[in-house]
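Peer 1: Following numbering that gives the first Met the number 0, the numbering of the sequence shown begins with 0 at its first residue and continues without gaps.
Every residue, glycine too, gets a C-beta built ideally from N, C-alpha and C.
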Amino acid sequence: MMYPFLTLNDETEIVHSEMKPDGTVKVYIEKPDEKDCFHHATCYLPGYKWEDVYGFSDGDIEKFMEILESTANLIMEFSKDGGFENASGF
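1. Have a look at ALA40 and LEU67 and give me their C-alpha separation to the nearest angstrom.
2. Hey, which unbroken runs of the beta strand (DSSP E) at 3 residues or more fall wholly within the segment 33-79?
3. Could you give the residue range of the beta strand (DSSP E) that holds MET1?
4. With respect to the beta strand (DSSP E) encompassing GLU12, which residues constitute its N-terminal and C-terminal limits?
5. Is the beta carbon of LYS34 sitting closer than 8 Å to the one on GLU10?
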(Lines of atoms letter the chains of each structure in order from A and count residues from 1; the text may use other names and numbers.)
(Lines give C-alpha, C1' and ligand atoms only; values in the text may rest on other atoms or scores of the structure.)
Protein backbone atom coordinates (compact mmCIF):
# COMPACT_ATOMS: atom_id res chain seq x y z
CA MET A 1 0.00 0.00 0.00
CA MET A 2 1.17 3.53 -0.74
CA TYR A 3 0.45 6.49 1.52
CA PRO A 4 0.30 10.16 0.44
CA PHE A 5 3.07 12.28 1.90
CA LEU A 6 3.54 15.56 0.03
CA THR A 7 2.18 17.46 -2.97
CA LEU A 8 4.48 20.15 -4.39
CA ASN A 9 3.26 23.38 -6.03
CA ASP A 10 3.95 21.96 -9.50
CA GLU A 11 1.57 19.00 -8.85
CA THR A 12 4.41 16.56 -8.11
CA GLU A 13 3.12 13.89 -5.73
CA ILE A 14 5.35 12.07 -3.22
CA VAL A 15 3.97 8.88 -1.68
CA HIS A 16 5.57 6.12 0.38
CA SER A 17 5.02 2.49 1.27
CA GLU A 18 4.80 0.82 4.64
CA MET A 19 8.12 -0.20 6.14
CA LYS A 20 9.22 -3.54 4.72
CA PRO A 21 10.57 -6.32 6.98
CA ASP A 22 14.12 -5.39 5.94
CA GLY A 23 13.59 -1.80 7.18
CA THR A 24 13.30 -0.18 3.74
CA VAL A 25 10.59 2.17 2.56
CA LYS A 26 9.70 2.75 -1.10
CA VAL A 27 9.15 6.41 -2.00
CA TYR A 28 7.44 7.03 -5.34
CA ILE A 29 7.44 10.45 -7.00
CA GLU A 30 5.28 11.35 -9.99
CA LYS A 31 4.31 14.48 -11.86
CA PRO A 32 1.69 14.88 -14.59
CA ASP A 33 3.11 15.79 -17.99
CA GLU A 34 1.09 16.77 -21.07
CA LYS A 35 3.45 15.03 -23.50
CA ASP A 36 4.54 11.93 -21.56
CA CYS A 37 1.48 11.52 -19.30
CA PHE A 38 3.56 11.13 -16.11
CA HIS A 39 7.18 11.54 -15.09
CA HIS A 40 8.15 9.24 -12.24
CA ALA A 41 10.97 8.00 -10.03
CA THR A 42 11.38 5.55 -7.16
CA CYS A 43 13.73 5.98 -4.21
CA TYR A 44 14.31 3.44 -1.44
CA LEU A 45 15.03 4.72 2.05
CA PRO A 46 17.11 4.68 4.16
CA GLY A 47 19.81 4.09 1.51
CA TYR A 48 18.53 6.68 -1.02
CA LYS A 49 18.73 4.14 -3.86
CA TRP A 50 17.09 5.57 -7.01
CA GLU A 51 15.47 3.41 -9.71
CA ASP A 52 13.02 3.65 -12.56
CA VAL A 53 13.61 7.36 -13.20
CA TYR A 54 11.62 8.53 -16.22
CA GLY A 55 11.18 12.10 -17.45
CA PHE A 56 12.95 13.84 -14.59
CA SER A 57 16.25 15.67 -15.11
CA ASP A 58 19.32 15.27 -12.91
CA GLY A 59 18.40 18.66 -11.42
CA ASP A 60 14.91 17.40 -10.58
CA ILE A 61 16.36 14.35 -8.84
CA GLU A 62 18.75 16.58 -6.88
CA LYS A 63 15.77 18.68 -5.73
CA PHE A 64 13.84 15.56 -4.74
CA MET A 65 16.91 14.23 -2.94
CA GLU A 66 17.05 17.42 -0.84
CA ILE A 67 13.37 17.02 0.02
CA LEU A 68 13.80 13.37 0.96
CA GLU A 69 16.94 14.01 3.00
CA SER A 70 15.13 16.68 5.02
CA THR A 71 11.98 14.58 5.57
CA ALA A 72 13.26 10.98 5.64
CA ASN A 73 12.85 10.76 9.41
CA LEU A 74 9.14 11.60 9.03
CA ILE A 75 8.64 9.20 6.12
CA MET A 76 10.35 6.38 8.03
CA GLU A 77 8.21 7.05 11.12
CA PHE A 78 4.96 7.36 9.16
CA SER A 79 5.76 4.14 7.27
CA LYS A 80 5.59 2.25 10.58
CA ASP A 81 2.16 3.67 11.45
CA GLY A 82 0.22 3.44 8.18
CA GLY A 83 1.01 6.86 6.76
CA PHE A 84 0.53 10.40 8.03
CA GLU A 85 -3.21 10.13 8.58
CA ASN A 86 -2.91 7.09 10.84
CA ALA A 87 0.17 8.42 12.62
CA SER A 88 -1.48 11.79 13.30
CA GLY A 89 -4.84 10.40 14.35
CA PHE A 90 -6.83 12.13 11.58
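Peer 2: Walking through what the data contain:
1. Counted from its first residue, the sequence shown places residue 40 at position 41. Counted from its first residue, the sequence shown places residue 67 at position 68. Rounded to the nearest angstrom, the two C-alpha atoms are 13 Å apart.
2. 36-44, 48-53
3. Taking the sequence shown and counting its residues from 1, one reaches residue 1 at position 2. Element bounds for MET1: 1-6.
4. As a working note, residue 12 is residue 13 in the sequence shown. GLU12 -> beta strand (DSSP E) spans 12-16.
5. Here residue 34 refers to the residue found at position 35 when the sequence shown is read from its first residue. Here residue 10 refers to the residue found at position 11 when the sequence shown is read from its first residue. Contact flag unset, no.
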